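Below: the structure, in structure tokens.
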Amino acid sequence: MRRRGERVPREKAVVEEEMKSAGRKAEQAAEQYQCTGLLEQDFPELCARAGIAGVPKVTLRPAPSFPADEEPAEPTLTEVLARIERKYSYFQPCIQVEREREDPPSVRAVFLRGWKVEEDVLGVLSQCLPALAGLQAVHFWKVGLTERLLPALAALLARCPCLRTLSLEGNPLPEPAFHTLMGSESALAHLSLRNNSIGDADARLIGQSLSSSNRSLVSLVLSFNRISDLGAGYIAQGLRLNRSLLSLSLANNDIGDAGAVRLAEVLGPFALMHAEVVERRRLLLAEALGQSRTTPKETEGQSERPYSLHSSTAPDKLPPAKHGKTPAKKKEPLRKEEARQPKKPAPEPRAARGGRDGKPSGQEKPSLEGSPCVQAPDSAEPPHPLLEEARQHQGSVVLPGNRALLNLNLTHNRITERGLGAFLAALEGQQREKKPKVPGQQGLLCLSLEKNHVPPTSPAFVRLQELLLPQDPLPKAQGPEERQESGA
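Using our numbering, the first residue of the sequence shown is number -12, and each one after it goes up by one.
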């Protein structure tokens, strides 16, 4: 028994040592070779230096072909064989690139399909991909990723400054780890996790990332997974205080009426929980203290401003006569002087404020706009969701709900009339209430509920389509020509 117990740690140690040696080989090869920014040249060269065999050739991804309006009635044998080759070439192991322009260095997307990416290959990619200056998207389809390699992949993506899109499809993991790609330091805007056997445990961690840390993700695809009502509730909990996600796809899952009701409740007004109320009070207090601390700096020399934080106690320390007469005597002579000099041009006081060197105000504006203080995004950032305009209802603090989500796809689930009614009530409430002051929060514009347990002739389904049709940014009927063709 001892010998068997001793062999297992030894085997693990051997495997770890082999992986470390493979990583060292890739690092040594990278140190000796300088990447040129051409993936067709850098990737096979680094793989050869690291001793990686069986590497597929890097090719240019063909442009998507659309069916022609008038196809020949009898295609030739060459055309038939070409169609079959294009159809089944997608499932062959390959590495493809998509360029922005004709020149090879302008690679904007990299596709890896059907080829296992191990640690040594990921080490080679960590040297090639950051050298692509215009890389915007990476697509991994059935590459055999593991939860151990996912942190290394996240570190690799962080080194690509322009990368905003990541697709990991057909890479199921035995342990929940996909939420590590949605941390606070992640710059991803589009994340696709289709067909990864994501269950409720993964959905709980993904919901926590949406609620607390992630503020950059715009679209999230979780279709063709194993998310049930429990997982949909976790994701709905994450959407309560998320105002960055615009599109969410939960198609082809196992979501029923309970999960649909939880998602619909987030779209309408909801009451804050105790922990959220405490956090809201803390943020309000911090905002009030921040404003009171900035007011004395803006009004130096005035003795009344330091007491603005304690307005209820400061007037009691000074007599009301001294507190009210002295400013009036100082303001009256100033107003008389301003009345005597009405012909002064407006730009002169602005130039005097800008500096004493006599430069006009028109020459100072470009320097101010180019300064980092003016370009700071703090003033343009939206406020915290807990600081939104709330109302009191039966002793609870009620927020208006998530109006940032514009697209929600729930096709091919188990939703019935009950879940459909919850979405209908939420959508009617969004359109009935006034628009929020925060720009961009228009409410739900597209809701896909096809292929559920709801008949197309349902009155609630018809009413839902009537509400969404005027707001759909991509309407089905695009012009009178298509109407004439459809109506013949």
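Glycine is no exception: its CB is placed at the ideal position from the N, C-alpha and C atoms.
On a predicted model such as this, the values are computed, not experimentally measured, just so you know.
> Can the beta-carbon of residue 270 be found less than 7 Å from the beta-carbon of residue 373?
Replying inline: In terms of Cβ geometry, residue 270 and residue 373 form a close pair [threshold 7 Å].
> If you draw a straight line from the C-alpha of residue 30 to the C-alpha of residue 182, how long is it?
Replying inline: For the pair residue 30 and residue 182, the Cα-to-Cα distance works out to about 28 Å.
>> So, under 8 Å CB-CB, residue 225 and residue 193 are touching, yes? Tell me the CB distance rounded to an integer number of Å.
In response: For a cut-off of 8 Å, the C-beta gap from residue 225 to residue 193 is around 7 Å, short enough to register as a contact.
> Does the distance from the CB of residue 389 to the CB of residue 265 come in under 7 Å?
Replying inline: Not a contact, by the Cβ cut-off of 7 Å.
> Nearest CA to the CA of residue 129: which residue from 405, 180, 172, 37?
Replying inline: Ranking the options by Cα distance to residue 129, first place goes to 180.
>> Once DSSP output is grouped into helix, strand and coil, what is the label at residue 297?
In response: Model confidence at residue 297 stands at a pLDDT of 37, short of 50, so the residue's coordinates are unreliable; what they give is reported in the following sentence. Assigned with DSSP and collapsed to three states, residue 297 falls in coil, not helix or strand.
>> Rounded to whole angstroms, what is the Cα-Cα separation between residue 171 and residue 144?
In response: Taking the straight line joining both Cα atoms gives about 14 Å.
> Going by C-alpha distance, which of 92, 71, 90, 98 is nearest residue 84?
Replying inline: Nearest C-alpha to residue 84: 98.
> Do residue 391 and residue 251 have their C-beta atoms within less than 7 Å of each other?
Replying inline: Contact flag unset, no.
>> According to DSSP, is residue 172 part of a helix, a strand, or is it coil?
In response: DSSP places residue 172 in the coil class of the three-state scheme, outside both helix and strand.
> Straight-line CA distance for residue 417 to residue 227?
Replying inline: Those two C-alpha atoms are separated by around 15 Å.
>> So, for residue 160: in the same chain, excluding its five sequence neighbours on each side, which residues have a beta-carbon less than 6 Å away from its beta-carbon?
In response: Around residue 160: 134.
> Just the Cα atoms here: how many angstroms apart are residue 237 and residue 407?
Replying inline: Counting only the Cα atoms, residue 407 lies some 15 Å from residue 237.
>> So that I know if they touch, is there some Cβ in chain B lying closer than 7 Å to that of residue 124?
In response: The structure shown contains no chain B; it holds only a single protein chain.
> So is the beta-carbon of residue 172 under 6 Å away from any non-hydrogen atom of the ligand ZN?
Replying inline: With respect to the ligand ZN, the structure shown offers nothing to examine, as it has no ligands at all.
> If you check the beta carbons only, do residue 399 and residue 212 fall under 7 Å apart?
Replying inline: Judged by beta-carbon spacing, residue 212 lies beyond the 7 Å limit of residue 399, meaning their Cβ atoms are not closer than that value.
> So who's on the other strand from residue 379, going by DSSP bridges?
Replying inline: BP columns for residue 379 point to 384.
> Tell me which same chain residues have a C-beta within less than 6 Å of the C-beta of residue 438, skipping the five on either side of it?
Replying inline: Closer than 6 Å at the Cβ level, and outside the excluded window around residue 438, lie 398, 399.
>> Give me, in chain order, the residues of the same chain whose beta-carbon lies closer than 6 Å to that of residue 458; leave out the 5 immediate sequence neighbours on both sides.
In response: Cβ neighbours of residue 458 beyond the five flanking positions: 432.
> Run through DSSP, which three-state label would residue 371 get?
Replying inline: Under the three-state reduction of DSSP output, residue 371 falls in the coil class, being neither helix nor strand.
> In angstroms, rounded to a whole number, what distance separates the CA positions of residue 278 and residue 384?
Replying inline: Straight-line Cα distance between these residues: approximately 24 Å.
> For residue 46, which option in 25, 377, 107, 453 has the closest C-alpha, if you only look at C-alpha atoms?
Replying inline: The candidate whose alpha carbon is nearest that of residue 46 is 25.
>> Can you tell me whether residue 82 is helix, strand or coil according to DSSP?
In response: In the displayed model, residue 82 falls within a strand according to three-state DSSP.
> Under a Cβ-count criterion, where at least 16 other Cβ atoms within 10 Å of its own Cβ denotes burial, should residue 41 be classed as buried or exposed?
Replying inline: Counting Cβ neighbours within 10 Å, residue 41 comes out exposed, since fewer than 16 surround it.
> If you count every other CB in all the chains shown that lies within 10 Å of the CB of residue 166, and 16 or more means buried, which is it?
Replying inline: So residue 166 ends up on the buried side.
> Measuring CA to CA, which of 263, 218, 118, 230 is closest to residue 249?
Replying inline: Checking every option, the nearest Cα to that of residue 249 belongs to 218.
> Within 10 angstroms of its Cβ, does residue 149 collect 16 or more other Cβ (buried), or is it exposed?
Replying inline: By the Cβ neighbour-count rule, residue 149 is exposed, with fewer than 16 other Cβ atoms within 10 Å of its own.
>> Let me confirm a value: residue 243 is counted as buried when at least 16 other C-beta atoms fall within 10 Å, else exposed. Which label applies?
In response: By the neighbour-count rule (16 or more Cβ atoms within 10 Å), residue 243 is buried.
>> For the beta strand (DSSP E) containing residue 156, name the first residue and the last one.
In response: The continuous beta strand (DSSP E) containing residue 156 extends over residues 152 to 156.
>> Spatial neighbours of residue 66 within its chain, please: C-beta separation below 6 Å, excluding the five flanking residues on both sides.
In response: Hits under 6 Å: none found.
>> If the criterion is Cβ atoms closer than 7 Å, does the pair residue 139 and residue 178 meet it?
In response: Contact flag unset, no.
>> Can you tell me which residues form a DSSP beta bridge with residue 46?
In response: According to DSSP, which records beta bridges pairwise, residue 46 is partnered with 83.
>> Based on DSSP bridge pairs, tell me the residues matched to residue 124.
In response: DSSP output for residue 124 lists 96, 152 as bridge partner(s).
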